[in-house]
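One structure is given here, and the rest of the page talks about it.
Protein chains: 2
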Amino acid sequence: MTEPTSPAITAAILVIGDEILSGRTKDKNIGTIADYCTAIGIDLRQVRIVPDEAAEIVEAVNALRARYTYLFTTGGIGPTHDDITADCVAAAFGVTIDVDPRAKAMLLERHKPEDLNEARLRMARIPAGADLIANPISKAPGFRIGNVFVMAGVPAIMQAMLDQIGPTLDTGARVLSETIEAGNLPEGSYASALAEIAKAHHSVSIGSYPSMTQQGFANRIVVRGKDAEAVVRAQAEVERLVARLKQGTAG
Amino acid sequence: MTEPTSPAITAAILVIGDEILSGRTKDKNIGTIADYCTAIGIDLRQVRIVPDEAAEIVEAVNALRARYTYLFTTGGIGPTHDDITADCVAAAFGVTIDVDPRAKAMLLERHKPEDLNEARLRMARIPAGADLIANPISKAPGFRIGNVFVMAGVPAIMQAMLDQIGPTLDTGARVLSETIEAGNLPEGSYASALAEIAKAHHSVSIGSYPSMTQQGFANRIVVRGKDAEAVVRAQAEVERLVARLKQGTAG
């Protein structure tokens, strides 16, 4: 059995914002970044959502950047007093933060010099040593420092920033996935046999995901792995199992 | 200024599931639980999403249950081999886990005794000392142990479980929130004045939340706090600020 040989490239997401924790805003960025990582062969391994509080943000940045290849943050880089992400990331890295001339130049593409007040200049405050991530929509940039990518919380801007940083990321072997529709076959009817298949195919991961529709449960079995042949072999076994059970139910 | 005197009741959410991290399934439970907490006066302080891996789950359960009044988990309590939440929670608490007669009785409401195979009995495995949370939809229960509430990942079932545990929770003073529509006023035009208002009203928290529509930015300012009078006072100041700036823009 061929095992993947390239080291796994891993990532975490840190969502920063009281408005997500209060439920007032429903996050859309986690799903977008998760899809993006899967598409380019990065294993998203953890997500955290924390409030707009310096100690919480610094702690999470340091915990996650130490543990994963990349950390993507969203939120808290606007001009208002509750936007403290850049300062917290600087604190986490132990570097200074000040108005960055490159970032200021970007803001001047949108704002007249006389409109670049103190609040707007906050958006040009960038930790020392960081590279900028351009913001084609509202100009205020994100940035990369070390393995941390700091992006906006507004989904359209986050997406634009993600599209830019994507090509700069190291990626691993893409995880291939195949879905077998188990339909209304109860999970309990196939769980034992599926566990046996999972045991016999240890280079892939096999999950069973129930969901509910108006017609009752709609269960899906997903086979995931980096070795295409191994995925196909396991998929075939799962398909045989599901076909046998469906026939049994129908008969 | 009246400060809230009751101690804050806090909570965290732990979402367990590879399928959320892969992007294949988009989580809906975080927003539901966040809204629920806000409505009953519980401060949701952190969310984590971790994969279906024992070490990750145990670590997160122990980190979060030690730190917050309540921990709500979703996902991983079905009958298949990748459903390991109950075992991990037992490990986190250092207690044994076995088939619970009360949980088995619940499963027998749905399944004939001859259909209660080994896989389905997995759903009756409950850590020692836990109380059950009934599942009116598919019967397999969740459970509470200490300050940890273990619920299903299927949103309709999670919601039904949440409705049951809600009345058993200690709650704090409800956080009141008032939204002031800043519309297309740029955040940078009101950020400095808003920071002054925030400084002068320290018993409330004031946030500014940009979002984008087809017509451009649509910014909202939210004043949150437990002291109704303080919220109203700060809200009035923010409304005056926004009205003044809108007039300036129009004039």
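Protein chains in written order, with UniProt numbering: chain A, 1 to 251; chain B, 1 to 251. No residue lacks a Cβ here, since even glycine has one placed at the ideal position from N, Cα and C.
Reference residue i, options the options, closest by Cα
i: A243 (chain B); options: B:S189, B:M212 and B:G78; result: B:S189
i: V175 (chain A); options: A:A160, A:L44 and A:S208; result: A:L44
i: Q214 (chain B); options: A:A119, A:M212, A:I137 and A:L116; result: A:I137
i: A34 (chain B); options: B:A12, B:K26 and B:P210; result: B:A12
i: residue 256 (chain A); options: A:I206, A:M106, A:M212 and A:G248; result: Chain A is shown from 1 up to 251; residue 256 (chain A) falls before or after that span and cannot be answered.
i: T32 (chain B); options: B:K199, B:Q159, B:L194 and B:S192; result: B:Q159
i: N117 (chain A); options: B:S208, B:P210 and B:P186; result: B:P186
i: E178 (chain A); options: A:K26, A:S208 and A:K199; result: A:S208
Spatial distance of residue i from residue j (CA atoms)
i: G216 (chain A); j: F93 (chain B); result: 35 Å
i: M1 (chain B); j: I49 (chain B); result: Low confidence applies to M1 (chain B): its pLDDT is 42, below 50, so where it sits in the model is not reliable, and the reading given next is rough at best. Roughly 39 Å separates the two Cα atoms.
i: L169 (chain A); j: A60 (chain A); result: 21 Å
i: A90 (chain A); j: P127 (chain A); result: 5 Å
i: V204 (chain A); j: L245 (chain B); result: 59 Å
i: I57 (chain B); j: L14 (chain B); result: 9 Å
i: I197 (chain B); j: R224 (chain B); result: 13 Å
i: A39 (chain A); j: N147 (chain A); result: 20 Å
i: H201 (chain A); j: A230 (chain A); result: 7 Å
i: L21 (chain B); j: G183 (chain A); result: 23 Å
i: Q46 (chain A); j: R233 (chain B); result: 40 Å
i: R24 (chain A); j: I30 (chain A); result: 16 Å
i: A236 (chain A); j: I180 (chain A); result: 9 Å
i: I165 (chain B); j: G172 (chain B); result: 16 Å
i: P7 (chain B); j: K226 (chain B); result: 12 Å
i: I221 (chain A); j: I97 (chain A); result: 48 Å
i: C88 (chain B); j: R102 (chain A); result: 49 Å
i: Y36 (chain A); j: F72 (chain A); result: 12 Å
i: N219 (chain A); j: N62 (chain B); result: 31 Å
i: D100 (chain B); j: A55 (chain A); result: 42 Å
i: H111 (chain B); j: I133 (chain B); result: 18 Å
i: A191 (chain B); j: R67 (chain A); result: 35 Å
i: D115 (chain B); j: I157 (chain B); result: 22 Å
i: G248 (chain A); j: K104 (chain B); result: 26 Å
i: P4 (chain A); j: D163 (chain B); result: Bear in mind that the predicted position of P4 (chain A) carries a pLDDT of just 47, short of 50, making it too unreliable to give a figure here.
i: L64 (chain A); j: P113 (chain B); result: 47 Å
i: R125 (chain B); j: I16 (chain A); result: 36 Å
i: N135 (chain A); j: A193 (chain B); result: 25 Å
i: K199 (chain A); j: M161 (chain A); result: 41 Å
i: K26 (chain B); j: A195 (chain B); result: 35 Å
Which residues DSSP lists as bridging residue i, in chain order
i: N184 (chain A); result: The partner list for N184 (chain A) (beta bridge, DSSP) is empty, contrary to what the question assumes.
i: F93 (chain A); result: According to DSSP, which records beta bridges pairwise, F93 (chain A) is partnered with nothing at all.
i: D131 (chain A); result: A:R144
i: V50 (chain B); result: B:I16
i: M178 (chain B); result: It is Glu, not Met, that sits at residue 178 (chain B) in the sequence shown. In the DSSP output, where bridge partners are listed per residue, E178 (chain B) has B:V223.
i: A11 (chain B); result: B:L44 and B:Y70
i: Y209 (chain B); result: B:R220
Chain-order list of residues whose beta-carbon lies under 8 Å from that of residue i (same chain, five-residue window excluded)
i: R240 (chain B); result: none
i: I77 (chain B); result: D83, T85, A86, M123, A140, G142, V150, M151, A152 and G153
i: D18 (chain A); result: P51, D52 and D82
i: M212 (chain A); result: A218
Cutoff 6 Å; reference residue i; Cβ partners in own chain excluding five residues on either side
i: K28 (chain A); result: P155
i: E109 (chain A); result: K139
i: G41 (chain A); result: T171, G172, A173 and R174
i: M106 (chain B); result: K139 and P141
Whole-Å CB distance - residue i paired with residue j, under 8 Å assumed
i: I9 (chain A); j: T74 (chain A); result: So it is not a contact: roughly 20 Å between Cβ atoms.
i: P167 (chain B); j: R120 (chain B); result: Rounded, the Cβ-Cβ distance is 29 Å, inconsistent with contact.
Cutoff 7 Å; reference residue i; Cβ partners in own chain excluding five residues on either side
i: G129 (chain B); result: V95 and I145
i: A228 (chain B); result: L176
i: D131 (chain B); result: F143 and R144
i: P210 (chain A); result: E187, F217 and N219
8 Å Cβ cut-off: residues of chain E touching residue i
i: L14 (chain A); result: Among the protein chains of the structure shown, namely A and B, there is no chain E.
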